[in-house]
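Heads up, the final residue of the sequence shown is numbered 516 in the numbering used here, and it's a clean run with no missing numbers.
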Amino acid sequence: MSRAGRLAALAAVVLVASAHIGSPDTYFEGSAGPYRLRVIVRSPGVVPGLAQITVRLLDEGRARTVSVLPVYWDPRTAAPPPPDTARIVSGDSSVYSAALWLMTGGSYSVQVTVAGPAGTGTAIVPVQAIATRRLELQKPLAVGLAAVGAWGSRDSSTTPWPPRPRCAWMVGERCCASASSIRRGASIA
């Protein structure tokens, strides 16, 4: 191969490889059983956060349902949650959309299951959940949290009250009476 040919091949590889550098999103094109599809997972940017999933069926066949399920890679996980059903995007019957919570940072796989007249198929899309940005704490929330913290620590250095059994019995009786009234449907006086 000539030097010009090697440079052209290198330029082509660099051009193709630079397509998604720096993008936290995941792009997948493959098949789920008999259905060819393209999946785009838009990362939430913060963890925990909602990832936006877009599934496009590439063939003319119509699916009855498209469901997506985030599976966190952890051998200690007993069972994954139930899958979310993706909704058809208005204006294009071959595009489905869903939002999934990614609760912890790390390696996930998104299982995309397509069911239709040609049968059922599943595609597994690897996703990396990392925080790429930081949300600022809003001032009213910061002030409220500081106030609750100050109020909660105000008596941390004082000794507790002496036990008052009569007061405890009165509170217990009132709670039981309220619970039985609520159960019977009566109002609390």
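Built from N, CA and C at the ideal position, the CB exists for glycine as well.
Cα separation between residue i and residue j?
i, j, result
"Ala425", "Val395", "8 Å"
"Thr290", "Leu464", "Not covered by the structure: residue 290. The range shown for the chain is 328 to 516."
"Ser358", "Arg389", "14 Å"
"Thr412", "Trp478", "44 Å"
"Leu337", "Pro409", "45 Å"
"Arg510", "Gly499", "17 Å"
"Gly443", "Pro361", "9 Å"
"Val422", "Thr459", "27 Å"
"Val398", "Glu387", "29 Å"
"Leu384", "Arg461", "34 Å"
"Pro351", "Arg369", "7 Å"
"Val373", "Gly432", "9 Å"
"Pro492", "Ala506", "21 Å"
"Pro453", "Arg330", "38 Å"
"Thr527", "Pro467", "There is simply no residue 527 to check, as the chain begins at 328 and stops at 516 in what is shown."
"Pro490", "Arg481", "21 Å"
"Pro407", "Trp400", "10 Å"
"Tyr354", "Ala445", "24 Å"
"Glu356", "Met328", "32 Å"
"Val366", "Val340", "23 Å"
"Ser420", "Val382", "11 Å"
"Ile457", "Ala335", "35 Å"
Provide the residue(s) that pair with residue i in DSSP beta bridges, ordered along the chain.
i, result
"Pro453", "Ser436"
"Arg324", "A question about residue 324 goes unanswered here, because the residues of the chain that appear run from 328 up to 516."
"Gly353", "One point to set straight first is that residue 353 is Thr, not Gly, in the sequence displayed. In DSSP, Thr353 forms a bridge with Val368."
Which of the three DSSP states, helix, strand or coil, is assigned to residue i?
i, result
"Ala338", "helix"
"Glu500", "helix"
"Leu462", "coil"
"Trp488", "coil"
"Arg481", "coil"
"Ala426", "strand"
"Gly360", "coil"
"Ala445", "coil"
"Ser329", "coil"
For the structure I just gave you, are there three or more beta carbon pairs, one from the stretch 425 to 434 and one from the stretch 365 to 378, closer than 8 Å? Below 8 Å, enough C-beta pairs join the stretch 425 to 434 and the stretch 365 to 378 to call them touching: three or more.
Stretch pair the stretch 473 to 482 + the stretch 433 to 451: three plus CB contacts closer than 8 Å: No, they do not touch.
Start-end ranges of the alpha helix (DSSP H) lying completely within the stretch 363 to 409, minimum 4 residues: The stretch 363 to 409 is shown to contain no whole alpha helix (DSSP H) run of 4 or more residues.
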